[in-house]
Amino acid sequence: IGNVHFVQMEDMHFYLAQKIAFQLYLMDIQSVIIEGGAVILNQFITANLWDEARIFTGDVEWENGMLAPKTIGNITEEYKLGADTLTIYKPNNQI
1 IGNVHFVQME DMHFYLAQKI AFQLYLMDIQ SVIIEGGAVI LNQFITANLW DEARIFTGDV
61 EWENGMLAPK TIGNITEEYK LGADTLTIYK PNNQI
C-alpha cells in the first residue's frame, strides 16, 4: 500500500526505541513523529531519542486515566490556543 513498510523485530521488550530508530536509519528516514501513549513516549525520552516535544494541555482535569510522560527538557516556546496551551520542549543538551 503506497509507502507502507512492515519491519519485523525480535525481542520487543528491550531497547525498543533504539531498535525502531536503527530501522528508520537503515531506511534513510531522518524525521518521525511519535504519537503514542506514556510507555512508548517514555522509552524514546529516556533513550534521549528526541529533539522536540509538542504538548497540548487543555483546561479540563481528568480524575482517572494514564499520566502523561514527564519530559526531560526545557520549555522553548508556549502558545495559548483558545482554552488550550501548546508547550514546546527541547532536550537539555540542545539549549
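In case it helps, this note's numbering puts the sequence shown at residues 1 to 95. Glycine residues also receive a C-beta, built at the ideal position from the N, C-alpha and C atoms. Since the model is a prediction, treat every value here as computed from it, not as a measurement.
Quiz prompt | residue 72 versus residue 2: straight-line alpha-carbon distance, rounded | solution = Inter-residue distance for residue 72 and residue 2 is about 36 Å (C-alpha atoms, whole angstroms).
Quiz prompt | Nearest-angstrom beta carbon gap, residue 67 and residue 38 [assumed within contact, 8 Å] | solution = 6 Å
Exercise. Rounded to whole angstroms, what's the CA-CA distance from residue 51 to residue 19? Just pull it up for me.
Key: 17 Å
Quiz prompt | N-terminal and C-terminal residue of the alpha helix (DSSP H) that residue 46 is part of | solution = 38–46
Quiz item: Where does the unbroken beta strand (DSSP E) through residue 55 begin, and where does it stop?
Solution: Annotation for residue 55: the continuous beta strand (DSSP E) segment containing it runs 53–57.
Practice problem: Report yes if the C-beta distance between residue 40 and residue 87 is below 8 Å; otherwise report no. | Solution: no
Quiz item: Using DSSP with H/G/I as helix, E/B as strand and the rest coil, what is residue 19?
Solution: helix
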